[in-house]
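Here's the structure we're looking at; comments come further down.
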Amino acid sequence: MTEITQKNKDRARELVSRMTLDEKIGMIHGAGLFRTQGVPRLSIPPLTMSDGPMGVRRDFHEDSWTAVGDSRDYATYLPCGSAVASTWNPILARETGEVLGREARGRGKDVILAPSINIKRSPLCGRNFEYMSEDPYLVGRQCVPLIEGIQESDVAACAKHFVANSQETDRLQVNEIIGERALRELYLPAFHAAVTRAKTLSVMGAYNLVNGERCCESTTFLGDILRGEWGFDGLTVSDWGGVFRTRESAESELDIEMSVTSDFDDYKFARPLRDAVLAGSIDVGHVDRKVVHILSVMDALHMLDGQTPSVRKAGGHSTLDNRRAALDVAQESVVLLKNDAGLLPLPVRTMTRILVVGANADRIHSSGGGSAEIKALYEVTPLLGLCAELGGNVDVRYVQGYVAQGAGEQSADWQRESLSDTSARARAEDRGLRRRLRDEAVELASQYSHVVFVGGLDHTYDLEGSDRADMKLPYGQDELIEALLSANANTIVTLVAGSPVEMPWAERAHAIVWSWYGGCEAGTALARVLTGRVNPSGHLAETFPMELSDSPAHALGTFGRPTEVEYGEDIYVGYRYYETKHVPVRFCFGHGLSYTTFRYDDLRIERTGDGAVVHCTVTNTGDVAGKAVVQLYLGLEGTGEDRPAKELKGFDKIDLGPSQSASVSMNLHYDEAMAYYSRTAGRYAHARQASLYVGESVQDIRLSATLTVDDATVEKHI
Ligand code: BGC
């Protein structure tokens, strides 16, 4: 594990003692859009960073957002954060990290600006696709191995955005009012895990304010909590353009200011800070402290060794191994939401033709989304994946079905349109085109036995910098799906998206498959699930509500407002809310079907010194191999405070052959599992009793028991 050692810190301090003020200043702000200044005199190289969570972003010129544009920066496009979380497989999270680390290092980067680990508070947040889950335990379990994987390659991970960047609306100015309990139980734990367990070497401050403090100058978050309580000794970097005031940020625990403009000398941590230090109004000790953090990280990454050959790992990008890993992750991220008539898997051996409908079947997504965009080496679309998988004996007919925006194509008539004011006509023609495409698809659907619709969202909607306006499928897809289902009740509905959508037709559809932005092999993975070559084992890492107004932040009307947003739902985010308040949902947290079924028996709680091990037996009761996601929830009792009905406290994923049984054991440490932030005491406390549930989702509970902690254990371990 790459960790900062005392030796790294001593070395950093010694170097700082030999540096001039200008040299130090050069190291704490952007001297290019993605790098700081080095100190050649002391053999200190610049620190180079790159986005982001789905692979290593394209290279830009140092001083403008123009792509360099040569072929060196084609990269392996990885499944998005939501997809990684939906695998419920920490081994695959680690593989994702390993690929990111190798690719980053292979491209000469020192810090990869990933993972994005904010909590999904609303289905509408534009960056939900980058984020992992609504549940902090699941984010922690998946981001820790991911970060460890990145840092294996002598590259720093950067856990972002600290903290609570859970909306994009007014992201530079919004002040989020969040109670201590929600901060401690929901918004901070994943960062805590990233820092204390994964030892992330860097953390990015968020754009937003929390409780009146700007995150990139916050004494509470960067200082008291991150450095103080958690003992973080890596480096902190601002989000790009997240620093507004020189003194406040300089005196805070923020180490590097990055921004989006090329007037690097005007950055707050450049001339303004230098002048303030020279004038004696800001203590140089603040600058020194920052440089020590930065140099400690650089030394831990072997950037200061100056040896030839270098002991630093070399990495490697766009390799076959990296692409294989992307496929492994994508395959386990696809979620089978519904399959009540056995339409799936497709009968590949007996079918001779299939109709594929929907613009997302033929669309690539890698180049969109904001800073998470990837210049993908390639991206297999669902249509290509299906054709590749089905081969020559099945005739695949594709029709678009609806018109999607911004797919990069321009209308064949663009020259004529450009000469006259055709906007009204263009819109009308558009309506005409829409009708034509829909009629064609519906007509064909009635003639085919096998119809797969592939729709969903794209990065016009799942996008950094703005939130969605509603939770509906765009481009008239709901009407199209209804019409397809009327024409052919066996239409299989497949959605590719980064955040939930309302599905008013869900009762009518027999088969619904969910695929995230799944990386370069997304289409292969989806096709393999549809054909049964891969048995689906993805489970939702977030709740899919019936309607937007069911979701807590929206029920309260406190999402997406500018200026100030109150997180009035407290800890009742996602399933914590739906389960406790008995609000029906479309698909619950943890839900995911398989082509086989699993039986759960023999729940046994074995007490250990500091907690318990929960054992059960899981049996594959079907005739195909499959992977079960065994989930463990607790409902804390007797606390005298309102608590969620269930909270995820453990899970395991196991691979079982037909009729095979296996014993599953999940560890519970009382100190963590029974802990809650007491509103009355204003600190953590521990419950003595809990209802314990084991199941395949938060609602599909198969086994339950009561868990009690005896006095002796409390005395000793809590
Ligand atoms: C995003 C960050 C990203 C940075 C650099 C910002 O707009 O919020 O996540 O790492 O840009 O591209």
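Under my numbering, the residue at position 74 of the sequence shown is numbered 148, and the numbers go up by one with no gaps. C-beta: ideal position from N, C-alpha, C; glycine also.
*For the ligand BGC, list every residue whose C-beta falls under 5 Å from any of its heavy atoms, going in chain order.*
Going along the chain, the residues that qualify are Asp125, Leu187, Asp313, Trp314, Ser445.
Quick check: the Cα distance between Leu107 and Asp137, rounded to an integer number of angstroms?
6 Å
Check: For Val516, which residues of its own chain have a beta-carbon under 7 Å away from its beta-carbon, when the five flanking residues on both sides are left out?
Finding: Ala557, Leu558, Ala561
- Nearest residue (CA-CA) to Gln381, options Gly683, Ile118, Leu742: Ile118
What residue does the alpha helix (DSSP H) around Leu558 start on, and which one ends it? From DSSP, the alpha helix (DSSP H) with Leu558 extends over 551-561.
ask   = Straight-line CA distance for Val783 to Gln763?
value = 6 Å
Kindly indicate which three-state DSSP category Thr270 falls into: helix, strand or coil?
helix
Query raised in the report: Assuming Thr243 and Pro574 make a contact with CB atoms under 8 Å, what is their CB distance in whole Å?
Result: With a Cβ gap of about 18 Å, Thr243 and Pro574 do not count as contacting.
Original post:
So is Trp488 buried or exposed if we call it buried at 16+ other beta carbons inside 10 Å?
Top reply: In this prediction, Trp488 scores a pLDDT of 44, lower than 50, which makes its location untrustworthy; the coordinate-derived value is nonetheless stated afterwards. Label assigned to Trp488: exposed.
> Is the CB-CB distance between Ser333 and Gly315 below 8 Å?
Replying inline: yes
Exercise. Would you call the region 425-434 and the region 199-214 in contact, with 3 or more CB pairs under 8 Å?
Worked result: no
Hey, is the region 688-697 in contact with the region 593-606, meaning 3+ C-beta pairs nearer than 8 Å? When C-beta atoms of the region 688-697 are compared with those of the region 593-606, fewer than three pairs fall below 8 Å, so the two segments do not count as touching.
request  = Can you have a look at Trp139 and say buried or exposed, based on whether 16 or more other CB atoms are within 10 angstroms of its CB?
outcome  = The C-beta of Trp139 has fewer than 16 other C-beta atoms within 10 Å across all chains shown, which makes the residue exposed.
key: Closest by C-alpha distance to Ala388, when choosing among Glu715, Tyr707, Leu174, Glu322   = Selected option, being the one with the closest Cα: Leu174.
Where do the ends of the beta strand (DSSP E) carrying Ser589 lie?
585-589
Can you check which of these residues, Leu352, Glu208, Asn285, Glu453, is closest to Met148 by C-alpha distance?
Note that residue 148 is Tyr in the sequence shown, not Met. When C-alpha distances from Tyr148 are compared across Leu352, Glu208, Asn285, Glu453, the shortest belongs to Glu453.
Reference Ala324; option with closest CA among Lys701, Ala344, Asp337: Ala344
**Report entry** Where Tyr522 sits in the DSSP three-state scheme
**Finding:** coil
| query | When you compare each of Asp357, Val317, Gly529 to Tyr341 by their alpha carbons, which one comes out closest? | reply | Val317
Q. Three or more beta-carbon pairs under 8 Å between the region 730-740 and the region 675-693, yes or no?
A. yes
In this structure, how does DSSP classify Ala129 when only helix, strand and coil are distinguished?
A small fix is needed here, since residue 129 is Gly in this sequence, not Ala. Of the three classes helix, strand and coil, the one that applies to Gly129 here is coil, per DSSP.
Local Cβ density within 10 Å of Glu483, reported as buried at 16 or more and exposed below that: Note that Glu483 scores 38 on pLDDT, short of 50, meaning its location in the model is unreliable; the coordinates nonetheless yield the value given after this. Classification for Glu483: exposed.
#### Entry: Selected residue, minimal CA-CA separation from Thr150, among Asn163, His135, Gly126
With distances taken between Cα atoms, Thr150 lies closest to Gly126.
Which of helix, strand or coil DSSP assigns to Lys364: helix
*Tyr669 versus Pro610, Asp624, Leu677, Ala627, residue with shortest Cα-Cα distance*: Pro610
Own chain partners of Leu300 with C-beta closer than 6 Å, once the 5 adjacent residues on each side are dropped
Excluding sequence neighbours, Leu300 sits near Phe306.
Among all the DSSP beta bridges, which residues are the ones paired with Phe527? In the DSSP secondary-structure assignment, Phe527 is bridged to Val431, Val567.
- Inspect the beta-carbon positions of Pro263 and Gly214 and report whether they are closer than 8 Å. yes
DSSP three-state call for Gln763: helix, strand or coil? strand
Exercise for review: Leaving out five residues on either side along the sequence, give the residues of the same chain with a beta carbon under 8 Å from the beta carbon of Phe725.
Suggested key: Trp162, Leu212, Arg215, Val703, Val704, Gln705, Leu706, Met740
Please confirm whether Glu653 and Val768 have their CB atoms less than 8 Å apart.
no
Query raised in the report: For the alpha helix (DSSP H) that Asn396 lies in, which residues bound it at each end?
Result: Element bounds for Asn396: 394-407.
Quick one: give me the first and last residue of the beta strand (DSSP E) that Met278 is part of.
276-279
- prompt: What are the boundary residues of the beta strand (DSSP E) that Glu680 is part of?
  reply: Looking at the DSSP string, the run of the beta strand (DSSP E) that includes Glu680 is 672-682.
Skipping 5 residues on each side, what residues in its chain have a beta carbon closer than 7 Å to that of Ser733?
Asn694
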